[in-house]
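One structure below.
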Amino acid sequence: MTARGRRLLNVVVLGVGVALILFVASRAGSSSNGSSTNGSGPARDVPLFVRTTCADVVVLGLRGSGQSTTASKGVGNEVLASVSAMATQLHRRSDATVRLEAVPFPANYAPTLARYISHIKQGKKLMATRLTELSARCKDTSFAFVGFSQGANVVHNFSADLTAAQARRVAVVAMIADPVKNPA
């Protein structure tokens, strides 16, 4: 990654981190671990990520084309770095819990546009299924969607189709190197 790219990623992470902190703080007191999230000081020893299904914030992470399903928690380096930075910022201000979950869509290199589009559709379907399951099970959980490259394309398309009820529970949508975004 170039120096300019790293600076841009840092700005995006900072902005997304602030948005996440404000969103979770606005839902103060709904912590699944029974503690207050008043944001008045640093959190007690809260792990960066928890395994609890119904964490305060569940991040659905989507890797980019060709990235490993096993390395970097299955979400790719860029998503892991971004979400880790967001969680660190959140933990400095509250004891809210964060869980990172990889969405296992086929982020393979696609030799044709049709194949690429089928990967995006599969990713959207997996996200929809998982969000529905988690929303039903975890009534106080907020959600974040973070994707890189092909994963950002999935997040972009999926987020555009959220219902109003789903959108109310979404704290952050972050798309890193979104191929749908026209830089002009």
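Just so you know, we're using my numbering here: the sequence shown kicks off at 37 and counts up by one. We treat Cβ as the ideally placed atom computed from N, Cα and C, and that holds for glycine.
No Cβ-Cβ contact shorter than 8 Å links residue 90 with residue 165. By the neighbour-count criterion, in which a residue is buried when 16 or more other Cβ atoms sit within 10 angstroms of its Cβ, residue 133 is buried.
Linking residue 174 to residue 110 through their CA atoms gives a straight-line distance of about 23 Å. Cβ neighbours of residue 215 within its own chain (closer than 6 Å, five residues either side excluded): 189. In this structure, residue 179 lies near residue 205, with their beta-carbon atoms less than 8 Å apart. Excluding sequence positions up to five before and after residue 142, its CB lies within less than 7 Å of the CB of 155, 158, all in the same chain and listed in chain order.
With a beta-carbon spacing of about 6 Å, residue 184 and residue 213 fall inside the 8 Å limit used to define contacts. Taken in chain order, the complete alpha helix (DSSP H) segments of 4 or more residues contained in the segment 102-147 are 113-129. In the displayed model, residue 185 falls within coil according to three-state DSSP, outside both helix and strand. In chain order, 120, 123, 124, 127, 134 place their CB closer than 8 Å to the CB of residue 84, counting only its own chain and leaving out the 5 sequence neighbours on each side. For the pair residue 97 and residue 103, the CB atoms are not nearer than the 8 Å cut-off. Assignment of residue 95 by DSSP, reduced to helix, strand and coil, places it in the strand class. In the DSSP assignment, residue 201 falls within the alpha helix (DSSP H) that extends over 200-204. Assignment of residue 207 by DSSP, reduced to helix, strand and coil, places it in the strand class. In this structure residue 87 is exposed. Its beta-carbon is surrounded by fewer than 16 other beta-carbon atoms within 10 angstroms.
Under the 10 Å beta carbon count, residue 151 is surrounded by fewer than 16 other beta carbons and is classified as exposed.
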